[in-house]
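Under this note's numbering, think of the first position of the sequence shown as 104, with each following residue one higher.
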Amino acid sequence: MRHIMVMNPKGGCGKSTLATNLASYYATRGKKTALVDYDPQRSSLDWLDRRPAKRPEISAIEGYKEGLKHVARNSDIVVIDAPARAHGKELTDLLHHSDTILIPVLPSTIDMQATGRFIEELKATPTFKNRKVKIAVLANRVRDNTLIFDELDAYLTKLRVPYIATLREAQNYIRAYTRGLGIFELPNYLAWPDLEEWGPLIDWLNSRASRP
Ligand SMILES: Nc1ncnc2c1ncn2[C@@H]1O[C@H](COP(=O)(O)OP(=O)(O)O)[C@@H](O)[C@H]1O
Ligand SMILES: [Mg+2]
């Protein structure tokens with residue numbers, strides 16, 4: 104069973120968007136997939152409620168109430184939409200159960216600073232060091248040719264954490280969310296620019312570099 108956690112204390116950076124699309128990706132590839140939502144706002148679980156019954160199944164886990172207790176033991180992939188404010192014991196527990204952590208970052212000075220600090224905090228926790236959890240960052244909601252993206256690009260490159268993808272700001276994510284789908288389940292003629300951007304992210308997740 105592999106646990107992939109999407110994490111960043113900043114709200115609105117795309118955690119639920121990333122978590123739901125990852126769950127869709129694995130489910131459509133025939134993996135037995137569970138989606139655990141630790142956020143009481145339930146964005147990932149609301150997405151699952153919208154999911155058409157005929158689509159590959161993803162099981163819904165209310166992590167914010169009961170943690171990982173109800174995750175089926177024969178799951179292949181567990182995608183965790185982490186809580187905004189995990190600290191102390193909760194953070195330790197989550198790290199203890201994660202193999203891979205994905206950190207989305209917006210092209211914004213405030214978000215970049217907060218994320219940098221969060222990554223330092225993460226790296227300093229003993230659980231993180233002992234388990235050799237693998238982390239990676241990705242830029243989200245990027246608009247081409249903006250100065251702030253150039254700044255984010257330079258910043259992420261300097262962080263000493265793998266910088267694995269750049270996802271553009273796109274209606275496809277909103278379109279997919281509304282229908283309970285991932286971009287992998289949209290028609291190809293619409294989704295192809297975003298599918299291309301997910302290529303390096305998926306390659307990294309499939310590589311040994313993303314596992315302890
Ligand atoms: N790449 C993207 N393109 C367009 N909209 C996006 C993208 N990523 C996230 N969003 C939108 O931004 C908002 C915040 O994203 P969300 O995934 O809910 O963030 P978080 O879970 O970190 O709070 C949502 O309205 C979502 O639809
Ligand atoms: Mg969310």
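For glycine and all other residues, C-beta sits at the position ideal for the given N, C-alpha and C.
- A straight line joining the alpha-carbon of Asp196 with that of Ser119 spans about 20 Å.
- Residues of the same chain with a CB within less than 7 Å of the CB of Leu209, apart from the 5 flanking positions on each side, are Cys116, Asn243 and Arg244 in chain order.
- Per the coordinates, the alpha-carbon of Leu250 lies some 40 Å from the alpha-carbon of Gly170.
- According to the DSSP secondary-structure assignment, Thr203 is paired through a beta bridge with Ile107 and Lys237.
- A distance of 7 Å or more separates the beta carbons of Ser127 and Asp184.
- For Tyr167, the Cβ stays outside the 6 Å cut-off from all heavy atoms of ligand 1.
- The Cβ atoms of Ile161 and Leu138 lie closer than 7 Å to each other.
- Chain order is used for the residues whose beta-carbon lies nearer than 6 Å to a heavy atom of ligand 1, namely Gly114, Gly115, Cys116, Gly117, Lys118, Ser119, Thr120, Ser146, Asn243, Arg244, Leu270, Glu272, Ala273, Tyr276, Ile277 and Tyr280.
- Going by beta carbons, Asp297 and Ile305 fall outside the 7 Å limit.
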